[in-house]
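What follows is a short report on a single structure.
Protein chains: 2
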Amino acid sequence: MTGTDASPERAPGVASDAALAVSTVIFALRPHETTGRMTLWIPLVRRTRDPQKELWALPGGWLPVDEELVSAAARTLGETTGLAPTYLEQLYTFGELERSPGRRVVSVVYWALVQSAEAERAAESENVRWFVADELPLLAFDHNRIIEYALWRLRTKVEYAAIAHAFLGATFTLAELREVHEAVLQRHIDPANFRRTVEASGTVVATGEVVAGTRHRPPRLYRYNASIDLADRGPLGPESVPGTAASGAVGAAASAPSSTPSDSHTGEQR
Amino acid sequence: MTGTDASPERAPGVASDAALAVSTVIFALRPHETTGRMTLWIPLVRRTRDPQKELWALPGGWLPVDEELVSAAARTLGETTGLAPTYLEQLYTFGELERSPGRRVVSVVYWALVQSAEAERAAESENVRWFVADELPLLAFDHNRIIEYALWRLRTKVEYAAIAHAFLGATFTLAELREVHEAVLQRHIDPANFRRTVEASGTVVATGEVVAGTRHRPPRLYRYNASIDLADRGPLGPESVPGTAASGAVGAAASAPSSTPSDSHTGEQR
DNA sequence: CCTAGTTATGGTCACTGTGACCTTTACTCG
DNA sequence: CGAGTAAAGGTCACAGTGACCATAACTAGG
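Those protein sequence lines, which keep their order, are chains R and Z.
Note that the first sequence ends on residue 270 in the numbering used here; no numbers are left out.
Note that the second sequence ends on residue 1270 in the numbering used here; no numbers are left out.
See below:
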């Protein structure tokens, strides 16, 4: 489902079986074009084949028999954005009979987060464009619904799991981390309370360094504490995300990672 | 993945494509065989074909091209247990390259809850047997891992979502609801505090009736408040579960329901 | 009819997490 | 050197919850 979703000629298998596709909802933060406020953006690809031709769709493609699901998600993500995800998790599998006109297509959808810094220099071409997550046009198939669900998951999960740092680099200030939360949740967050909560959670560790040249008190730099959040993940351990530190390398798709349900779907939150 | 999971001869599609299967982890509550305490039980089917022949596996089968995913899950659930689920939700999609020897199999796994009362008279035969969820033997394929994940999901979700009532009938006492929670979470829960929390959540409504003949103060009967919990579900509305009130009808599999990701995976919770 | 046994129900107390806010610190700029 | 600004610390009040205490309402047995 996506650029290749409804390309009968390339579709695998016999017509009497469902075709298996993998798509990914990719999130990045960039200032809004008009308001200038940090906002969630999503890269989409223009369909060049007929079913739903010309409509924008999620990056993705048919699942190669010899490729892991996560790997396929990371690969197509890299192919369309030139980025490597800093967070990648299975979202849901959509398989309604009528979601794709013509043939039965079951799509295993993943959602990913990429670093804002990287997203800025991400590839954008005639057939790849970034859209503000809350201002999408009519997309191909049921992709509007899928993105809506992914957005819900992101907003829900960012409140109880340490994933916001995935939008940032290796080190960051609490103000930057807070800005990510504010952008995702679309609401103001008290700086002092945010600091208190984050420090108490133990998800970040002060590096000891500070950022200079800020026209005001220099903020401390923090680093994500990978040893802590393991608890909130499922019993099956974290899903290994290929190349956590995207080096901006184009086509930086990762090799076959070992996909395991972390707390994926779970995250429903309360 | 399951009774039919690795049955090459019945496998759909071309050998060069991944086969799509649907399996379901079914939970029911019954007293433990030795301790007598309410415990989680899971029905499994014995594999009669070769890959992993004789090993116990999750109920399921290949996905028919013209059947909805949820429907397939509910159908196989009914075929093996003779029950209809009171709760059914997509769990995760497993697709590791080596999870099934021989061919690539991608399984969309669902998890379901059935009423205890029904579960008692559920079918059990030479090839279908119920096991205590925490005391499983070595199962076929990666089913042990899948169940472990489903168990984690159930235990996690029961703490923040109103799903415990799915194990009970239309009306129940708070003691019964509490017993479900205690069985699932495997720990004692204070009756008074439980009552306070449940009543505050508004997920149940007193019917006004009480249960007589209890040798002590007669408990009130409550009914699940369907209008409340809609909030904790995802933005895509609840997944319609076929026949909520299982009438114990054998083969009571439901017709094609409209599958939509509720808060499925999400549930990760905090 | 009266008492013991048992669970249903109602409350209280203490502690924790969190939103709303106030104060002080530490830089840069003019 | 004073003003401006965000970082960092701290206080207060309130909601939620685990631990517990007390009373209510039946049944079973004298």
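Idealized CB from N, CA, C, for every residue including glycine.
Note that the coordinates shown come from a computational prediction; the quantities given were computed from them, not determined experimentally.
1. Hey, quick one: how far does the alpha helix (DSSP H) through R:L154 stretch, first residue to last?
2. With a threshold of 8 Å between beta carbons, is R:Q90 in contact with chain Z?
3. For the candidate residues Z:T1024, Z:V1211 and Z:Y1160, whose alpha-carbon lies nearest to that of Z:G1060?
4. Closer than 7 Å between beta carbons: that is the criterion. Which residues of the stretch 1067-1078 of chain Z meet it against chain R?
5. If you measure from the beta carbon of Z:V1108 to each beta carbon in chain R, is any gap under 8 Å?
6. Taking only beta-carbon positions, decide if Z:A1018 is within less than 8 Å of chain R.
7. Would you mind listing the beta strand (DSSP E) stretches within the stretch 19-105 of chain R that are 3+ residues and don't spill past its ends, in chain order?
8. R:G60 versus chain Z: which residues are under 7 Å apart at the beta carbon?
9. Could you spell out where the alpha helix (DSSP H) holding Z:L1221 opens and where it closes?
10. Using a Cβ-Cβ cut-off of 7 Å (strictly less than) and excluding sequence neighbours within five positions of Z:L1097, which residues of its own chain qualify?
11. Could you tell me if R:A166 is buried or exposed, where buried requires 16 or more neighbouring beta carbons within 10 angstroms of its beta carbon?
12. Name the chain R residues that come within less than 8 Å of Z:R1217, Cβ to Cβ?
13. Do we get a CB-CB distance below 8 Å when we pair Z:T1093 with the residues of chain R?
14. What is the C-beta distance between R:L139 and R:A57, in whole angstroms, given that I count them as a contact (C-beta under 8 Å)?
15. Checking contacts by CB at 8 Å: is R:V210 closer than that to chain Z?
16. Taking C-beta pairs closer than 8 Å, name the residues in chain R that Z:L1063 reaches, listed in chain order.
17. Throw me the rounded Cβ distance for the Z:I1042 and Z:W1152 pair, which I believe falls under 8 Å.
18. Counting only the same chain and skipping the five closest in sequence on each side, list residues whose C-beta sits under 7 Å from that of Z:R1046.
19. Flag this pair as yes or no: are the beta carbons of R:L77 and R:V22 separated by less than 8 Å?
20. The ligand HEM and R:T171: does the residue's C-beta get closer than 7 Å to at least one heavy atom of that ligand?
21. Report the rounded CA-to-CA distance for R:T244 versus Z:Y1160, giving the unit in angstroms.
22. Please report the straight-line C-alpha distance between R:P191 and R:P219, rounded to a whole angstrom.
23. Whose C-alpha, out of Z:G1036, Z:G1095 and Z:E1179, is nearest the C-alpha of Z:F1194?
24. Threshold first: 3 residues or longer. Then list the beta strand (DSSP E) segments lying entirely within the stretch 1155-1202 of chain Z, N to C.
25. From what residue to what residue does the beta strand (DSSP E) around R:E209 run?
26. Buried or exposed: where does R:V210 fall if 16 or more other Cβ atoms within 10 Å of its Cβ makes it buried?
27. Using three-state DSSP, classify Z:S1227 as helix, strand or coil.
28. Looking only at C-alpha atoms, which of R:T214, R:N225, R:F94 and R:T35 sits nearest to Z:E1067?
29. Locate the beta strand (DSSP E) running through Z:R1215, then write down its first and last residues.
30. Measure the beta-carbon distance from R:L44 to R:Q115 and round it to whole angstroms, keeping in mind my assumption that it falls under 8 Å.
31. Taking 8 Å as the threshold (C-beta atoms), are Z:V1158 and Z:L1020 in contact?
32. Give me the residue from R:T80, R:R99, R:P64 and R:A73 with the minimum Cα distance to R:Y87.
33. Taking only the alpha-carbon atoms, compute the straight-line gap between R:L63 and R:H143 and give it to the nearest angstrom.
Let's see:
1. For R:L154, the enclosing alpha helix (DSSP H) covers residues H143 to K157.
2. Taking Cβ atoms only, chain Z reaches closer than 8 Å to R:Q90, which makes this a yes.
3. Closest by alpha carbon: Z:T1024.
4. Only E1068 and L1069 from the stretch 1067-1078 of chain Z bring a Cβ to less than 7 Å from some Cβ of chain R.
5. Yes, because at least one Cβ of chain R sits closer than 8 Å to the Cβ of Z:V1108.
6. Using a Cβ-Cβ cut-off of 8 Å, Z:A1018 counts as an interface residue toward chain R, since at least one Cβ of chain R sits closer than that to its own.
7. Uninterrupted beta strand (DSSP E) stretches at least 3 residues long and entirely within the stretch 19-105 of chain R occur at 19-31, 38-46, 60-62 and 87-94, given in chain order.
8. For a Cβ distance threshold of 7 Å, nothing in chain Z lies close to R:G60: the least Cβ distance comes to about 14 Å.
9. Per DSSP, Z:L1221 belongs to no alpha helix (DSSP H); it is in the beta strand (DSSP E), R1220 to Y1224.
10. Answer for Z:L1097: R1104, listed in chain order.
11. R:A166 comes out buried.
12. Near Z:R1217 there are no residues of chain R at all, since even the closest Cβ is about 32 Å away, more than 8 Å.
13. Closer than 8 Å to some Cβ of chain R, the Cβ of Z:T1093 qualifies, so yes.
14. That belief holds up - the Cβ atoms of R:L139 and R:A57 are roughly 6 Å apart, short of 8 Å.
15. Not closer than 8 Å to any Cβ of chain Z, the Cβ of R:V210 fails to qualify, so no.
16. Among the residues of chain R, those whose CB is under 8 Å from the CB of Z:L1063 are A18, G95 and V106, following chain order.
17. By a beta-carbon distance limit of 8 Å, Z:I1042 does not contact Z:W1152. Their separation comes to about 14 Å.
18. Answer for Z:R1046: E1054, W1056 and N1127, listed in chain order.
19. Against a cut-off of 8 Å, the Cβ pair of R:V22 and R:L77 comes out as no contact.
20. This structure lacks the ligand HEM; in fact it carries no ligand of any kind.
21. Low confidence applies to R:T244: its pLDDT is 38, below 50, so where it sits in the model is not reliable, and the reading given next is rough at best. When rounded, the distance between both Cα atoms is 31 Å.
22. One alpha carbon belongs to R:P191, the other to R:P219, and they sit about 12 Å apart.
23. The candidate whose alpha carbon is nearest that of Z:F1194 is Z:E1179.
24. Within the stretch 1155-1202 of chain Z, no complete beta strand (DSSP E) segment of 3 residues or longer occurs.
25. In the DSSP assignment, R:E209 falls within the unbroken beta strand (DSSP E) covering V204 to V210.
26. An exposed status is given to R:V210, since fewer than 16 other beta-carbon atoms sit within 10 Å of its beta-carbon.
27. Of the three classes helix, strand and coil, the one that applies to Z:S1227 here is coil, per DSSP.
28. Taking Z:E1067 as reference, the option from R:T214, R:N225, R:F94 and R:T35 with the minimal CA-CA separation is R:F94.
29. Under the DSSP assignment, Z:R1215 falls outside any beta strand (DSSP E); it carries neither an H nor an E label.
30. With a Cβ gap of about 19 Å, R:L44 and R:Q115 do not count as contacting.
31. For Z:L1020 and Z:V1158, no; Cβs fall outside 8 Å.
32. Nearest C-alpha to R:Y87: R:A73.
33. A straight-line Cα-Cα distance of about 18 Å links R:L63 and R:H143.
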